[in-house]
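Enquirer:
Numbering (my numbering), first residue to last: 99 to 336.
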């Protein structure tokens, strides 16, 4: 199933309701790497395990067949999502089915609170991974329960992702580190056209803004602790 559009920016970070979220602007609390949690979704080959009738595309196809759609149309509609997204959805849906089985719940139930409990179980994962879980579940529920409100419009799920956004700091990867540094230098009042000394200047400005005295900032800016074999020599001027 292809992702559905939405206007709910709190969940998607500016993109559509059923797709992947954008890079959020986040506050201080939990550090989360930008790398994907491979353990969160696993491999789509694991879909061979478990009841066939609970496979994601099997559920969607059965519902469409019950609506009177011919097999060729069902097959065509099942190709609306890119292969990579389909693999992610299949693996994420299996994770949800496994969780429901363990907790004696029905994964096909039209129950937003149940989905919220599932997301909370893995709240230590990144926001993008959790949103992938929600999207995969929504890709099934929106077909088998077409008259129900979308998961992305449920107030508690909106609040869950908003809270996740506000209490997480993304750790920049190597490809985005330069942009990350420039952004924080700009916030510290340092030109983004930085030179070699600019990062030290930005960090000093940030330290003063956080309440550290200018005396201490200047002192530690000029001197740094380095490991030496001679215990009487502990510092070295830059």
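Beta carbons are placed, not taken as given, at the ideal position from N, Cα and C, and that holds for glycine.
On the CB-based measure, 16 or more other CB atoms within 10 Å of its CB, does residue 202 come out buried or exposed?
Expert: Label assigned to residue 202: exposed.
Enquirer: Does the region 210-221 come within contact of the region 168-179, defined as at least 3 CB pairs closer than 8 Å?
Expert: Flag = no, the region 210-221 and the region 168-179 do not touch.
Enquirer: Apart from the five residues on each side of it in sequence, which residues of its chain come closer than 7 Å, Cβ to Cβ, to residue 155?
Expert: Excluding sequence neighbours, residue 155 sits near 176.
Enquirer: Nearest by alpha-carbon distance to residue 206: which of 221, 235, 229 is it?
Expert: That would be 235, whose Cα lies nearest to the Cα of residue 206.
Enquirer: According to DSSP, is residue 314 part of a helix, a strand, or is it coil?
Expert: DSSP places residue 314 in helix when its eight states are reduced to three.
Enquirer: When burial is assigned at 16 or more other CB atoms within 10 Å of the CB, is residue 171 buried or exposed?
Expert: It counts as exposed.
Enquirer: Please state whether the Cβ-Cβ distance between residue 241 and residue 161 is less than 8 Å.
Expert: A contact, by the Cβ cut-off of 8 Å.
Enquirer: Whole-angstrom Cβ separation of residue 195 and residue 152, contact assumed at under 8 Å?
Expert: 5 Å between Cβ atoms; contact.
Enquirer: What number of angstroms, rounded off, separates the C-alpha of residue 197 from the C-alpha of residue 168?
Expert: Residue 197 and residue 168: Cα-Cα distance of roughly 33 Å.
Enquirer: Is residue 199 helix, strand or coil when you go by DSSP?
Expert: Residue 199 falls in the helix class under three-state DSSP.
Enquirer: Pick out whichever of 310, 245, 217, 277 has its Cα sitting closest to the Cα of residue 257.
Expert: Residue 257 has its Cα closest to that of 217, out of 310, 245, 217, 277.
Enquirer: Please state whether DSSP places residue 167 in a helix, a strand or coil.
Expert: Residue 167: coil per DSSP, three-state reduction.
Enquirer: For residue 224, name the three-state secondary structure that DSSP assigns.
Expert: It is coil, neither helix nor strand.
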